[in-house]
Each structure stands twice: as structure tokens, then as C-alpha cells.
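In this text, residue positions in the sequence shown follow UniProt numbering: the first is 1, and each later residue adds one.
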Amino acid sequence: MTVSPEAHAGGVTTRTGGEDVVVRIDALHKSFGEKQVLRGIDLEVRSGEVVCVIGPSGSGKSTLLRCVNLLEEPTGGSIEVLGTEVTDPDVDIDHVRTHVGMVFQQFNLFTHRTVLDNCTMAQRTVLRRSRAEAERVARENLARVGLAGTESLMPAQLSGGMQQRVAIARALSMDPQLMLFDEPTSALDPELVGDVLGVMRDLAEGGMTMIVVTHEMAFAREVGDRVVFMDGGVVVEDGPADEVIGAPREERTREFLQRVLDPTHRHDDQGAGGPGTSG
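This is how it looks when you write it as C-alpha cells:
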């Protein structure tokens, strides 16, 4: 895909055009009180694209992702998801969300419910599927993420990596057209990361449209069609994954990658924060 960046609001904007745009973000601003977290973000994501968003903590990555699903209400600008202007107050955002799956840093499973229940509850209440149909879909997606046979287990009986894969199966069971991943491996022990990234790689190969906030540079380079580097609430660089990670144009991108790829500096750019400071 040809990427044509142009200067905008202190950062870079990417215009792809075409009717297959799944997400279109224009001049997005978000503030928490006096703190500006997003400052004029422009971004488009096409159908089947995997866009990985990288950058230091506090750069606005997670806030951007949460705005796409309107979990955070933008201060200004517009967001179009699957042809619907989600920032329009008259839009039924719950209907739009049925087509968008989101996987968080924490697994957010119902701890008092079995794996199968976790994957069927939203299907039955939101999509109005019968119990039999919801269970069939859930079992298919649990098998898809390598968790066949875990249906009767409780979340506490699973490793962190397995719980995150349940969260992915739960999202897939809603038949989403877009998947949002907010640092899905950041809460996992290193030895558990590979299985989760493997599931995400399979989704990408299957043509799922994905926006992934991540600190996993190897994954971003190997799986991402594009990499977006954010810093200070703006898009500093946006382009093909190999180019942004392998030969970045911007000095701020180069400095970040030098730090994050050097084990002695990794935690400088991967600290956690609360609302308005994280991602």
C-alpha cells in the first residue's frame, strides 16, 4: 500500500482514500482536564490491514484506541467506523460496538463464570443467539485460539496467556469486522507472550482488520502492514512496518527504537500509567 504522509498539527497524517476504509479519524483531540493527550490525530485503516501503534508511555496510544470504540469521548474531531460517524451523538454506539472486538491489557473475564460462559454471555444478550448457537460459536473460537477442552474451567484455573486467549475468543465470537488490541501481552510473563501473538498472527493472516497498540517490535515488523509511531499526542511517523522500524525517517522514531530495542533501556518507554497518562 502506498502511504503518503503530510504534515498536520505537529505530526503526520495518512490519507488512503477508497471505499474500503474501515476506520477514518480526522483531527482527533482528547483532553483530560487541562492535559492534552491527543492533538490532531488523522489516520485511516483499510479493510484487512494490520496497523501497529507504537510509542513511549504517555504518547496517547491507548487513548486513541479507546476513542475508536468511544470508551473515551473525544474532545474534538471525528471518528468514522465501518461507515458510521461514531462521534455523532445520535448514533447508536452499542450497535457499532457489536461489529468491533476489543482486547485489553487485563483480561477482563468474569471470574465467577466458566470459560464457555465468558464466551457466550454477550452473544446471547447482545446478538440474541440461542444457547446452542452461542455455545457452538464459542467452542469454534476457543478451538481457533488453541483452547479446545477448557470450556468448563474457571479463569483462575488458567495461565495469564490462556486467559488472554479466552478474551480473544470471546471477542471473535461476536463476529467482529474490526479488532482492537490494547497492549494484549503487557501483563503476561515473557514465556506466555508467544501463544497470544501466534493467535494474533493467525488472525492477521486470515484477513482480519486490526489496530494493535504494542511494545512487541518483532511482531509489529513481521505482522503489521503499517506501523504508526506516536509521541506527545501526535503521529510522528506512519508507513510500512519494515520502513518505520528498520529505517525510520524521523529522529524521534529512531531514538525511541534505539531505547526500546536495547534491553538496558526497555522500561524507559514501557511504564504503565492511568487515564490520560497511559499509552
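In this text, a Cβ means the ideal position worked out from N, Cα and C, and glycines have one as well.
All values reported here derive from a predicted model rather than from experimental measurement.
Query	Result
Start-to-end residues for the beta strand (DSSP E) that takes in Arg46	35-46
Status (buried if at least 16 other CB within 10 Å, exposed otherwise) for Pro190	exposed
Boundaries (first-last residue) of the beta strand (DSSP E) holding Thr209	209-213
Sequence-distant residues of the same chain with beta carbon closer than 6 Å to Asp175, five excluded per side	none
Proximity of Val213 and Asp262 at Cβ, strictly below 8 Å	no
Neighbourhood of Asp20 by C-beta distance below 6 Å, restricted to the same chain and skipping five residues each side	Arg46, Ser47
Contact check, Asp195 vs Arg221, beta carbons under 8 Å	no
Beta-carbon proximity check, Met162 vs Met210, cutoff 8 Å	no
Buried versus exposed call for His215 [16 or more other C-beta atoms within 10 Å across all chains shown]	buried
Neighbourhood of Asn141 by C-beta distance below 6 Å, restricted to the same chain and skipping five residues each side	Ala169, Leu172, Ser173
Coil, strand or helix - Leu178 by DSSP	strand
Residue span of the alpha helix (DSSP H) that contains Pro240, given as start and end	Counting along the chain, Pro240 falls outside any alpha helix (DSSP H), though it belongs to the beta strand (DSSP E) covering 234-240.
Cys67 versus Ser59: straight-line alpha-carbon distance, rounded	14 Å
Simplified DSSP state of Ala27, which is helix, strand or coil	strand
Check whether Leu192 and Phe219 have beta carbons under 8 Å apart	no
Backbone secondary structure at Thr84 - three-state DSSP	strand
Same chain, Cβ closer than 7 Å to Glu151, five either side skipped, listed in chain order	Thr114, Val115, Leu116, Arg139, Leu142
Cβ neighbour criterion (16 or more within 10 Å) applied to Gly101	buried
Through-space distance from Glu250 to Cys119, alpha-carbon basis	43 Å
Supposed close pair Leu43, Val228 - CB separation, criterion 8 Å	7 Å
Sheet register partners of residue 319 (DSSP bridge)	Given that the chain is displayed from residue 1 to residue 279, the structure contains no residue 319 and the question cannot be resolved.
Neighbourhood of Gly77 by C-beta distance below 6 Å, restricted to the same chain and skipping five residues each side	Asp26, Ala27, Leu28, His29
Between the CA atoms of Gly55 and Ala132 - distance to the nearest angstrom	43 Å
Host beta strand (DSSP E) of Val100 (start-end)	100-103
Ser62: first and last residue of the uninterrupted alpha helix (DSSP H) it sits in	61-68
Beta-carbon proximity of Asp238 to Arg254, cut-off 8 Å	no
Coarse secondary structure for Gly224, derived from DSSP in three states	coil
Glu49 versus Val22: straight-line alpha-carbon distance, rounded	9 Å
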